[in-house]
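A short write-up of the structure that comes next.
Residue numbers (the numbering used here): 1 to 261.
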């Protein structure tokens with residue numbers, strides 16, 4: 001395992017899994033421009049690195065996964081916008097669930113506003129039993145413009161509107177019941193559980209994972225696009241070296257050695 005901390009963000013690599021940890025516990029891990037750009041740069045690097053097969057998002061401490069936008073920085077006039085560079089584009093893809101690799105959210109504490117929007121971009125979410133989740137922007141004269149308005153693609157529309165219109169938080173258990181959260185565990189088991197998901201996912205064929213992620217998500221939001229992309233992915237994946245390797249490994253009763261091609 002290697003680790004490096006820059007601008008309120010820690011990168012840790014666990015074999016084929018990249019763990020990104022927001023490291024501003026004194027500010028409830030709120031998002032600054034530096035953290036946003038750091039996350040974007042990190043996931044862009046992960047997309048380009050064939051040795052990284054999954055990303056886990058978490059944070060330092062047990063008070064909060066992320067309190068959203070740093071309102072003190074915003075009020076002081078600090079630029080916390082995305083910008084227009086590659087890191088900004090990658091952060092936007094992260095929040096939209098459009099990264100080319102699987103992402104697992106490990107909510108060690110509560111996630112509100114931009115923190116919940118960040119988790120909505122994850123493919124799976126593991127949550128602490130003590131965590132709460134919400135979109136309080138309407139209570140601050142704003143609205144969840146960083147992806148929060150897409151919450152209705154993850155949970156029933158009535159519940160999505162309740163969360164976004166009232167600004168009131170829900171518990172992790174309620175999130176699990178709605179299908180937003182995949183697993184609710186004790187606080188000290190959040191990261192280990194997320195890493196277990198990531199390892200099980202990373203053991204699978206990279207091209208197949210990319211196809212599944214894009215097609216499952218787009219079939220919900222844009223069925224016509226998903227139908228068009230199905231043919232592309234089918235011709236690419238089924239003719240790939242990994243498809244041949246998967247069949248050979250099955251016949252030979254061994255673990256496959258994926259190449260991502």
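Positions of the beta carbon are idealized from the N, C-alpha and C atoms, including for glycine.
What you are looking at is a predicted structure, and each value in this text was computed from that prediction instead of being measured.
Item	Value
Run of the alpha helix (DSSP H) containing residue 58, from where it starts to where it stops	Counting along the chain, residue 58 falls outside any alpha helix (DSSP H), though it belongs to the beta strand (DSSP E) covering 54-59.
Nonlocal neighbours in the same chain, by C-beta distance under 7 Å from residue 3, ignoring five residues either side	Summary for residue 3: the model assigns pLDDT 45, below 50, so the residue's position carries little reliability, and this model does not support an answer.
Buried or exposed by the 16-neighbour rule on C-beta atoms within 10 Å, applied to residue 232	exposed
Distance between residue 203 and residue 64 (C-alpha atoms, nearest Å)	30 Å
Backbone secondary structure at residue 99 - three-state DSSP	coil
Rounded straight-line distance, which links the Cα of residue 67 to that of residue 28	6 Å
Residue environment, residue 250, which counts as buried when at least 16 other CB atoms sit within 10 Å	exposed
Terminal residues of the alpha helix (DSSP H) in which residue 110 lies	Element bounds for residue 110: not the alpha helix (DSSP H) but the beta strand (DSSP E), 110-112.
Limits of the unbroken alpha helix (DSSP H) element including residue 245	241-251
Nearest candidate by alpha-carbon position, reference residue 24, set 59, 89 and 15	59
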